[in-house]
Amino acid sequence: MEADNIDAPFPLMRERPAAAKNTRATWLGLFVSLFAMVVIRQAFVFFVPEITFAAAIVKETLIWASAAALLVILRRGEGLPFRSIGLGTCRWWKSIAWGFVIAVISAAVALGLAHLTSYGNGPGSAAFEKLPLWLITLIVIRAGVVEELFYRGYAIERLRMIGLGRFWSVTI
């Protein structure tokens, strides 16, 4: 019996790290990607317990600034292209087409769940009633873009690069 992939690691074992250097920029990028949104959110929960329009704008600006800082760390600190975190690996029109299809399906599922659970009538949704629709839309877009950048794009790739296997990189 022949094994084509004799030295393939088991899911829980460490994989061989990619040929890359572990720099201070990589560790700083990991810190930003794993903790920036948590720190910003907790600071606002502590200092501004009731969300206001101005507080929401400042919070969103800080989160976008941390995303920009992560991209600067990637390009200037690590000297790596955006492709290293999955940006620009696909044709733009395919991404938009798939995004549209998934958005339509997600909206249908979300509306169905909101109807079934009577979402929107509880205390959790009362805070959002104070914010304009355009700001809520930007918050939702930011959540998708920045979280994908921080966690799937940067953190998982860098944790694998420093020597953690796929399982532990995703778990962390």
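Positions 4 to 175 (this note's numbering) are the ones given, in order, by the sequence shown.
Quick reminder that beta carbons are idealized off the backbone N, C-alpha and C, glycines included.
Legend entry - alpha helix (DSSP H) runs contained entirely in the segment 71–137, provided each spans 4 or more residues: Runs of the alpha helix (DSSP H) inside the segment 71–137: 95–120, 126–129.
Legend entry - Three-state secondary structure assigned by DSSP to V51: Under the three-state reduction of DSSP output, V51 falls in the coil class, being neither helix nor strand.
Legend entry - Cβ separation of A59 and L138, assumed to be a contact under 8 Å, to the nearest whole Å: Between L138 and A59 the Cβ distance is about 6 Å, and since that is below 8 Å, they are a contact.
Legend entry - Bounding residues of the alpha helix (DSSP H) (the contiguous stretch that carries E160): First-last of the alpha helix (DSSP H) with E160: 159–164.
Inset, instruction - Assign L162 to one of two classes, buried (16 or more other C-beta atoms within 10 Å of its C-beta) or exposed (fewer than that). - result: So L162 ends up on the buried side.
Legend entry - Check whether E76 and A28 have beta carbons under 8 Å apart: Contrary to the premise, residue 76 reads as Ile rather than Glu in this sequence. Against a cut-off of 8 Å, the Cβ pair of A28 and I76 comes out as a contact.
Inset, instruction - Determine the DSSP secondary structure at G32, reduced to helix, strand or coil. - result: Helix at G32.
Inset, instruction - Look at E63 and L152 and say whether their C-beta atoms are less than 8 Å apart. - result: The criterion of a C-beta distance shorter than 8 Å is not satisfied by E63 and L152.
Legend entry - I99 versus A106 - alpha carbon distance: I99 and A106 have their alpha carbons spaced roughly 10 Å apart.
Legend entry - Integer Cβ distance of A72 from V35, believed to fall under 8 Å: Confirmed, about 6 Å.
Legend entry - Option in T26, L37, L31 with minimal Cα separation from I175: Closest option to I175, Cα to Cα, is L37.
Legend entry - Residue range of the alpha helix (DSSP H) that includes R169: For R169, the uninterrupted alpha helix (DSSP H) segment begins and ends at 169–174.
Legend entry - Per-residue DSSP class, three states only, for T140: Under the three-state reduction of DSSP output, T140 falls in the helix class.
Inset, instruction - Report the rounded CA-to-CA distance for A39 versus G156, giving the unit in angstroms. - result: Those two C-alpha atoms are separated by around 15 Å.
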